[in-house]
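Beneath this line is the structure, given in structure tokens, with notes to follow.
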Amino acid sequence: MKWVYIEEISEYQDQDIELRGWLFNKRSGGKIRFLLVRDGTGIIQGTIFNPQEESPLFKQFDELTQESSLIVRGKVKEDKRAPGGYELEIKEIEIIQIAKDYPITPKSHGVPFLMEHRHLWLRSQKQHAILQIRAELIKAIRDFFDGRGFRLMDTPILTPSACEGTTTLFETEYFDQKAYLSQSGQLYNEATAAAFGKVYCFGPTFRAEKSKTRRHLIEFWMVEPEVAFALLDDIIKLGEDLVVFIVERVLEERKKELDILERDTKPLEKVKKPFPRLTYEEALQKIKKKGSKMEWGDDFGAPDETMISEFFDKPVNITHFPLSAKAFYMEPDPKRPDLALCVDMLASEGYGEIIGGGQRIHDLSLLEKRIKEHQLPKEAYKWYLDLRKYGSTPHSGFGLGIERTLSWLCKIKHIRETIPFPRLLYRIYP
RNA sequence: UCCUCGGUAGCUCAAUUGGCAGAGCGGGUGGCUGUUAACCACUAGGUUGCAGGUUCGAGUCCUGCCCGAGGAGCCA
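Counting in my numbering, the first sequence tops out at residue 509, every number present.
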């Protein structure tokens, strides 16, 4: 009998097939029994029905417990009463392993308990749907950049020093030296951009900050394009194109999962170019009118970001932040040298910053000056300064946070559900 | 690091002013011919986070500690 997956079950109507999976749930009603089987691609209801005599299948049914692994064989039938529209008339059950006392029962559970059982929680429908969308999102991002002639450049995870010199890094041993886990691939990408023109890196990044909010992970994934000769405006448009592309893709390909998550897709359908754009100072004025106590020079806090995004029904680009609030490599605005040529994109529906980027300093002496001002170790940036000595060009790039973007797409409250095994403050198990 | 809230059965929670520690789910047993987190009946299941204190009596009040959650700052 042919082994098939539930996602392709409609192609096998009225045929005998084999499914390999796990018992999701079971129900019984006298001489009829229902087995809900999942195989990683979907869930199907199997029926055992025998009005004449006691079937040996009934005994196997009674033995089966939630999440027991099994192989079932039978005929595929279309049936409106079945969840999913198809069911399997079971002819044979092969029990692989009986799962005793599966901890995650069909009733409600609390967050600490579920986090403690994250390795099993992944099997439940909502978590499964979120991670299906995550995989789609990552594929969409790769397709977007590959389709535009960008080269994927893997930047190092073990680095000799702080990239930006601002956030706290994880320190580790590198034989007789110290090394740090990467917090961004950007600086290395500035080098690869000068070699390949348009590049992106996609990988994990690490922040040893004691952040304890629904928007922070200790280990998270980021895609960072970098484009030689690009100016701020080019990179803002690139960010818009990227976000429009991934939203469209997820709406097209992951309708089923968005339904499972009960995600209202109307706000996502509005995500079309161009996105509203305002400067830091314009945004500041808007939120001050609404009662924010933020002062010029501060970065937007989480409630401020929410307030700004509520003015619009699309993601919004905020540009020209005070230079003092940004990293050392930011290019100053020639018209306003106290402002940076940078952009933060805030997702709609109050989800906050998903993109941060801008134009990088390409003048050698200005960069040297900034490194000094930020009291960064000059030796560590020798190679980085070389990029300004040998064929320096204006160039720009940004980073998009995968988990924050996914939280928004799925409208998930907490970012911990958007990665299979979240690393959180005070939680590294499982 | 700071602020706030919480910890009672495997899980989710209840327990009035300090007065016999309970329910639903899950487990077990039995029943039901179409269930949709199925349902019905019965049943087993407890060091009330830990240590101390007040009291005739503490899940409840007090002190300290541990663990967890939400938020702030920082950031994607």
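Glycine included, C-beta positions come from ideal geometry on N, C-alpha and C.
- In this structure, the alpha-carbon of Q176 lies about 9 Å from that of E146.
- In the DSSP secondary-structure assignment, I111 is bridged to G108 and F128.
- Close CB contacts of A208 within its chain, under the 6 Å cut and outside five residues either way in sequence, are with E336, I339 and L340 (chain order).
- Judged by their CB atoms, L446 and R467 are nearer to each other than the 9 Å cut-off.
- Counted as a single uninterrupted DSSP element, the stretch harbouring D343 is not any alpha helix (DSSP H), since DSSP gives it neither H nor E.
- Excluding the 5 residues flanking it on each side, K257 has same chain C-beta neighbours closer than 7 Å at E250, in chain order.
- Within the same chain, and ignoring the five residues on either side of R342 in sequence, the residues whose Cβ sits closer than 7 Å to its Cβ are C489 and K490.
- Exclusion of the five residues before and after K352 leaves E319 and V323 as the residues of its chain whose Cβ lies within less than 6 Å of its Cβ.
- Rounded to whole angstroms, the gap between the alpha carbons of D312 and T484 is 22 Å.
- Collapsing the DSSP output to three states places Y463 in a helix.
- For the pair of segments examined, the segment 407-425 was found to touch the segment 445-459: the number of CB pairs separated by less than 8 Å reaches three.
- Proximity of the segment 396-406 to the segment 324-333 falls short of the contact definition, fewer than three beta-carbon pairs being nearer than 8 Å.
- Taking Q139 as the centre and dropping the five residues before and after it, the same chain places the C-beta of I172 and I174 closer than 7 Å to its C-beta, in chain order.
- In the three-state reduction of the DSSP assignment, D93 falls in the coil class, being assigned neither a helical nor a strand state.
- Boundaries of the alpha helix (DSSP H) harbouring Y267: Q265 to F275, taken from the DSSP string.
- Taken through DSSP and simplified to helix, strand or coil, L260 comes out as strand.
- Judged by their CB atoms, D93 and K156 are nearer to each other than the 9 Å cut-off.
- By the Cβ test, the segment 83-102 is in contact with the segment 151-165, since at least three Cβ pairs between them sit closer than 8 Å.
- C-alpha of G431 to C-alpha of E348: approximately 18 Å in a straight line.
- Annotated as proximal: L260 and L248, with beta-carbon spacing under 9 Å.
- Proximity of the segment 295-314 to the segment 384-392 falls short of the contact definition, fewer than three beta-carbon pairs being nearer than 8 Å.
- With a 10 Å radius around the Cβ and a threshold of 16 neighbouring Cβ atoms, A272 comes out buried.
- For S148, the uninterrupted beta strand (DSSP E) run begins and ends at S148 to E157, by DSSP.
- The three-state reading of DSSP puts E428 in coil, since its state is none of H, G, I, E or B.
- Note on geometry: alpha-carbon atoms of H453 and D417 lie some 16 Å from one another.
- When C-beta atoms of the segment 273-293 are compared with those of the segment 179-193, fewer than three pairs fall below 8 Å, so the two segments do not count as touching.
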